Each structure stands twice: as structure tokens, then as C-alpha cells.
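Numbering-wise (the working numbering), the sequence shown opens with residue 27 and increments by one. By construction, the Cβ of each residue, glycine as well, lies at the ideal position given by its N, Cα and C atoms. The structure presented is a predicted model; accordingly, all values stated were derived computationally and were not measured. What follows is a single structure, written as C-alpha cells, with notes after it.
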Amino acid sequence: MKSKILVIESQTQPLQRLRKYFTKRRFQIIRPKETESIFNICKTENLSAIVIDPEVYGKRSAKFLQNLREHILPDNVKIFGINGENLAELN
């Protein structure tokens, strides 16, 4: 069974290199569609991690991640914030 990673990315700076990196390492990438609630995905999928571009929610990112951590996600799910500009050294 593949581990599942939810990738929340900006439309203008997608995390395509990061998705390819995880796919090569046999992770299943889940990307929310425009009408899907991230909270619902987190409740229904058995996620291993969430990778988010903090620019997606701007100043509200910290509050959004805090709500996810405190109310939705199990303790074993990791949250990683990564900006699309910081992927130059990812192989």
C-alpha cells in the first residue's frame, strides 16, 4: 500500500517538481480539486503527510494549519510547508 501525501499548491507556482519527487519514491499524490474541501480529504483519506505552499492562504496559512493539526489530523500525519521557489535543489 502506497503512503498518501496531500499536496496543496498555488495555481501560479505549482509544486510539480515536488510531486515528481514523491511519485518516483512510490508515494500516492492527492491534489484537491477546486470544489473539494481539504478538511474532508483529511478526514476521509489515510494520509501520511501534507505538503502545502504557504502562499496559497497568505496570512491565514498559520491559522489554517493550526486548525488542521488541532481538529482534523491524527498525530502521526506530518505537515510540511514549502514554497515553490525553494525547490531548486530537490533531485
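Residue closest to arginine 57, alpha-carbon to alpha-carbon, out of Ile31, Gln39, Ser74: On the sequence shown, position 31 is the one that residue 57 refers to. The option with the nearest alpha carbon to arginine 57 is Ile31.
Simplified DSSP assignment, three categories, for leucine 32: If you number the sequence shown from 1, residue 32 lands on position 6. Here leucine 32 sits in strand by DSSP.
As assigned by DSSP and simplified to three states, the class of serine 74: The count along the sequence shown starts at 1 and reaches residue 74 at position 48. Three-state DSSP puts serine 74 in a strand.
Cβ pair glutamate 35, valine 103 closer than 8 angstroms: Translated into the one-based positions of the sequence shown, residue 35 becomes position 9. Translated into the one-based positions of the sequence shown, residue 103 becomes position 77. It is not a contact, given that the beta carbons lie outside the stated cut-off.
Residues of its chain near serine 87, where Cβ-Cβ distance is below 6 angstroms and the 5 sequence neighbours each way are ignored: As a working note, residue 87 is residue 61 in the sequence shown. Pro80, listed in sequence order.
Cβ-Cβ distance between phenylalanine 53 and lysine 28 below 8 angstroms: Locating residue 53 in the sequence shown gives position 27, where the first residue counts as 1. Locating residue 28 in the sequence shown gives position 2, where the first residue counts as 1. In this structure, lysine 28 lies closer than 8 angstroms to phenylalanine 53 by Cβ.
Spatial distance of phenylalanine 48 from isoleucine 55 (CA atoms): Residue mapping note: residue 48 aligns to position 22 of the sequence shown, counting from 1. Residue mapping note: residue 55 aligns to position 29 of the sequence shown, counting from 1. Going by the C-alpha atoms only, they are around 7 angstroms apart.
Extent of the continuous alpha helix (DSSP H) run through glutamine 37: What you label residue 37 is simply residue 11 of the sequence shown in a count that begins at 1. Here glutamine 37 belongs to no alpha helix (DSSP H), and DSSP marks it neither H nor E.
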